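Numbering (the numbering used here), first residue to last: -2 to 248.
Read through the structure below, which is laid out as structure tokens, and then see the notes.
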Amino acid sequence: MTATSALSLPRTTATAARVLRQLRHDPRTIALMLLVPCVMLFLLRYVFDGSARTFDTIGASLLGIFPLITMFLVTSIATLRERTSGTLERLLAMPLGKGDLIAGYALAFGAVAVVQSALATGLAVWFLDLDVIGSPWLLLLVALLDALLGTALGLFVSAFAASEFQAVQFMPAVIFPQLLLCGLFTPRDAMHPVLETISDVLPMSYAVDAMNEVLHHADLTTAFARDITIVAACALVVLIVGAATLKRRTA
């Protein structure tokens, strides 16, 4: 039978359940997704032990960046492994469309992202004393959207990699430019105009802006709503493009 094109909730949830069962038997991957962002935040807090204000300034931004990076790595490698092992080809020979597969992966890793974001946000706010004026729940929302964006980007780039090493090589091309231009190191309006224009079209810039809105404003702002909408829309667009470019096997 050939793969169907219509998105099906039963097929999507079945795919998500299969991915979660595989993750359950891979403790190293679970540790990478759940513990590494927390460890990085913990180290960062005590790197700036003598300057709590510095941690407050960059800690919120990194609370969103760390989940994005880890989910990008894990998702790209896991999806590529499915393709190189022949699992993807066998799945798509069944009544399972590309949309079902991508949505199933997004749902599975999204569930992990919820746990990851909750752990990192709780650690930063209640144990590392991250000083946030806005609601910690808004921090959690942005961290979750960032993790989902990382998942979407990982699914997308896996279609263009022929090996796990190549999947990792996409990180400098996809993640590092966003990291440099997102406003973490210097305000975006202080950059060269060309770089500022580039940063305006990179989703990580809006993730950092959203975190800063929560950091400095007690109420939900229009800028915050705009920023999270852009991040969510980027994740959705990348998932759709990822489904369209998904290949059954590695050439």
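All C-beta atoms, glycine included, are put in the ideal place defined by N, C-alpha and C.
Being a predicted model, the structure only gives us computed values, none of them experimental.
message: So for Pro184, helix, strand or coil by DSSP?
response: Walking along the sequence shown from the start, residue 184 turns up at place 187. Here Pro184 sits in coil by DSSP.
message: Let's see if you can read the secondary structure: which residues bound the alpha helix (DSSP H) around His213?
response: Numbered from its first residue, the sequence shown carries residue 213 at position 216. For His213, the enclosing alpha helix (DSSP H) starts and ends at Pro200 to His213.
- prompt: Of all the options Phe157, Ala164, Arg42 and Val165, which has the alpha carbon lying nearest to the alpha carbon of Ala238?
  reply: Sequence index remark: in the sequence shown, residue 238 carries index 241 (1-based). Just to set this straight, residue 238 is Val in the shown sequence, not Ala. Val238 has its Cα closest to that of Phe157, out of Phe157, Ala164, Arg42 and Val165.
Buried versus exposed call for Ile130 [16 or more other C-beta atoms within 10 Å across all chains shown]: Looking up residue 130 in the sequence shown gives position 133. Exposed, since its Cβ has fewer than 16 Cβ neighbours within 10 Å.
- prompt: When the Cβ atoms of the region 143 to 152 are set against those of the region 216 to 233, are three or more pairs found closer than 8 Å?
  reply: Output reads yes: the region 216 to 233 touches the region 143 to 152.
query: Is there contact between the region 21 to 40 and the region 175 to 190, where contact requires at least three CB pairs shorter than 8 Å?
result: No: the two stretches stay apart, fewer than three of their Cβ pairs being nearer than 8 Å.
- prompt: Phe39: which of Ala105, Asp224, Glu193 and Ala121 sits nearest, CA to CA?
  reply: Taking the sequence shown and counting its residues from 1, the one referred to as residue 39 is at position 42. Phe39 has its Cα closest to that of Ala121, out of Ala105, Asp224, Glu193 and Ala121.
query: How about Thr67 and Leu29: do their beta carbons lie closer than 8 Å?
result: The residue given as residue 67 occupies position 70 in the sequence shown. The residue given as residue 29 occupies position 32 in the sequence shown. For the 8 Å CB-CB criterion, Thr67 and Leu29 form a contact.
query: If you count every other CB in all the chains shown that lies within 10 Å of the CB of Pro24, and 16 or more means buried, which is it?
result: Locating residue 24 in the sequence shown gives position 27, where the first residue counts as 1. Exposed, because fewer than 16 other Cβ atoms sit within 10 Å of the Cβ of Pro24.
- request: From the DSSP output, in three-state form, read off Ser48 for me.
  value: The count along the sequence shown starts at 1 and reaches residue 48 at position 51. The answer is coil: DSSP assigns Ser48 none of H, G, I, E or B.
task: Please determine, among Pro200, Arg78 and Asp97, the residue with the shortest C-alpha to C-alpha distance to Thr9.
output: One-based indexing of the sequence shown puts residue 9 at position 12. Among Pro200, Arg78 and Asp97, the Cα nearest to that of Thr9 belongs to Asp97.
- prompt: Would you say Leu146 and Leu65 are within 8 Å of each other, going by their C-beta atoms?
  reply: Along the sequence shown, one-based indexing puts residue 146 at 149. Along the sequence shown, one-based indexing puts residue 65 at 68. Cβ atoms of Leu146 and Leu65: closer than 8 Å.
field: Anticipated Cβ contact below 8 Å, Leu77 with Ala164, distance rounded
entry: For the purposes of this step, residue 77 is identified with residue 80 of the sequence shown, where counting begins at 1. For the purposes of this step, residue 164 is identified with residue 167 of the sequence shown, where counting begins at 1. At roughly 5 Å, the Cβ-Cβ gap stays under 8 Å, so Leu77 and Ala164 are in contact.
- prompt: Out of curiosity, what's the CA-to-CA distance linking Trp260 and Thr81?
  reply: Given that the chain is displayed from residue -2 to residue 248, the structure contains no residue 260 and the question cannot be resolved.
- request: Would you tell me roughly how many angstroms separate the C-alpha atoms of Leu192 and His22, rounded to the nearest one?
  value: Indexing the sequence shown from 1 puts residue 192 at position 195. Indexing the sequence shown from 1 puts residue 22 at position 25. So the alpha carbons of these two residues sit roughly 43 Å apart.
- request: Give every residue of the same chain whose Cβ lies closer than 6 Å to the Cβ of Phe52, excluding the five residues on either side of it in the sequence, and list them in chain order.
  value: By 1-based counting over the sequence shown, the position of residue 52 is 55. For Phe52, where only same-chain residues beyond five positions count, the Cβ hits under 6 Å are Arg42 and Phe45.
Residues near Ala115 in its chain [Cβ-Cβ closer than 8 Å; skip 5 each side]: Here the question's residue 115 lines up with position 118 in the sequence shown. So the list reads Leu137, once near-sequence residues are dropped.
task: Enumerate in chain order the residues of its own chain whose CB-to-CB distance from Ile225 is below 7 Å, with the five nearest sequence positions on each side excluded.
output: Stepping through the sequence shown from its first residue, residue 225 is reached at position 228. Once the five neighbours on either side are set aside, the close Cβ partners of Ile225 are Leu138, Val139, Leu142 and Ala207.
field: Asp143 in three-state terms, based on DSSP
entry: The residue you call residue 143 lines up with position 146 of the sequence shown. Assigned with DSSP and collapsed to three states, Asp143 falls in helix.
- prompt: When you compare each of Leu17, Thr26 and Ala117 to Met37 by their alpha carbons, which one comes out closest?
  reply: Stepping through the sequence shown from its first residue, residue 37 is reached at position 40. Checking every option, the nearest Cα to that of Met37 belongs to Ala117.
query: When the Cα atoms are used, what is the spatial distance from Gly107 to Val211?
result: In the sequence shown, counting from the first residue as 1, residue 107 sits at position 110. In the sequence shown, counting from the first residue as 1, residue 211 sits at position 214. The C-alpha of Gly107 lies about 22 Å from the C-alpha of Val211.
query: Are the beta-carbon atoms of Ile27 and Leu17 separated by less than 8 Å?
result: As a first step, residue 27 is located in the sequence shown; it is residue number 30 there, counting from the start. As a first step, residue 17 is located in the sequence shown; it is residue number 20 there, counting from the start. The beta carbons of Ile27 and Leu17 sit no closer together than 8 Å.
CB contact flag (Leu236, Val205, <8 Å): Here residue 236 corresponds to residue number 239 of the sequence shown, with the count starting at 1. Here residue 205 corresponds to residue number 208 of the sequence shown, with the count starting at 1. With respect to Val205, Leu236 sits apart: the two C-beta atoms are not nearer than 8 Å.
- request: Go through its chain and collect everything with a Cβ distance to Trp134's Cβ below 6 Å, but skip five positions before and after it.
  value: For the purposes of this step, residue 134 is identified with residue 137 of the sequence shown, where counting begins at 1. Excluding sequence neighbours, Trp134 sits near nothing in its chain.
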